[in-house]
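Below is one structure; the comments refer to it alone.
Residue numbers (my numbering): 12 to 198.
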């Protein structure tokens with residue numbers, strides 16, 4: 012992956028808008044490809060804010076995360092994971108309608124890749140104090156993260172992402188007791 016190409020592609024007039032349009036209105040395969048392209052572009056730090064500020068980008072990624080195919084959900088979670096690796100994006104992603112619920116659902120019911128990516132996104136979002144409270148209050152979030160920590164996926168990455176998300180959430184004193192009281196968290 013060439014970082015210079017990533018920046019040049021993202022800065023090319025109309026590219027991000029076209030990817031968001033495909034993500035919003037394309038076929039399922041088109042949506043998967045658009046989310047994958049945004050994820051690859053978002054691996055470059057320079058592109059993260061411009062992608063998240065592109066009109067409709069976050070809403071379209073959340074819609075795919077919620078309603079897409081399993082591959083689409085994985086791609087959307089991967090793109091959000093990269094975008095959430097920028098402090099300017101943490102709150103806008105978490106406040107996007109349905110984002111936290113869709114991430115929790117993927118941690119709970121997704122494929123191994125989807126579960127890992129969704130937990131990683133929650134981990135990144137939980138770097139923000141306001142998000143820490145919102146995530147902990149999201150129905151099923153703590154249970155899903157504890158289940159992933161306990162049961163894992165086919166690799167250790169799922170357990171590691173869940174543990175890191177819980178660590179970030181526990182940095183907020185409001186969350187310490189609910190995490191400790193979650194069944195299986197201290198077992």
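Virtual Cβ for every residue (Gly too), placed ideally from N, Cα, C.
Here the structure is a predicted model, which means the values were calculated and not measured.
Residue i and residue j: beta carbons closer than 7 Å?
| i | j | result |
| --- | --- | --- |
| residue 27 | residue 65 | yes |
| residue 37 | residue 86 | no |
| residue 118 | residue 155 | yes |
Return helix, strand or coil for residue i, following the three-state DSSP convention.
| i | result |
| --- | --- |
| residue 109 | coil |
| residue 80 | coil |
| residue 120 | helix |
| residue 39 | helix |
| residue 184 | helix |
| residue 54 | coil |
| residue 85 | helix |
| residue 192 | helix |
Can you round the beta-carbon distance between residue i and residue j to whole angstroms, since I take them to be within the 8 Å contact cut?
| i | j | result |
| --- | --- | --- |
| residue 176 | residue 134 | 4 Å |
| residue 59 | residue 93 | 7 Å |
| residue 109 | residue 73 | 5 Å |
| residue 76 | residue 105 | That pair is no contact at about 13 Å. |
Roughly how many angstroms lie between the CA atoms of residue i and residue j, to the nearest whole one?
| i | j | result |
| --- | --- | --- |
| residue 19 | residue 49 | 13 Å |
| residue 62 | residue 32 | 13 Å |
| residue 79 | residue 150 | 21 Å |
| residue 153 | residue 35 | 30 Å |
| residue 139 | residue 100 | 10 Å |
| residue 148 | residue 187 | 12 Å |
| residue 90 | residue 96 | 10 Å |
| residue 52 | residue 182 | 31 Å |
Can you find the residues in the same chain that come closer than 7 Å, C-beta to C-beta, to residue i, ignoring five residues on each side of it along the sequence?
| i | result |
| --- | --- |
| residue 70 | 107 |
| residue 130 | 118, 156, 159, 169, 172, 173, 176 |
| residue 57 | 18 |
| residue 112 | 149 |
Within the 7 Å Cβ cut-off, does residue i reach chain C?
| i | result |
| --- | --- |
| residue 42 | Note that chain C does not occur in the displayed structure, where there is just one protein chain. |
Leaving out the 5 sequence neighbours to the left and right, which residues in its chain are closer than 6 Å to residue i when beta-carbon positions are compared?
| i | result |
| --- | --- |
| residue 42 | 34, 75, 83 |
| residue 185 | 144 |
| residue 163 | 169, 170 |
Give me, in chain order, the residues of the same chain whose beta-carbon lies closer than 8 Å to that of residue i; leave out the 5 immediate sequence neighbours on both sides.
| i | result |
| --- | --- |
| residue 193 | 153, 154, 157 |
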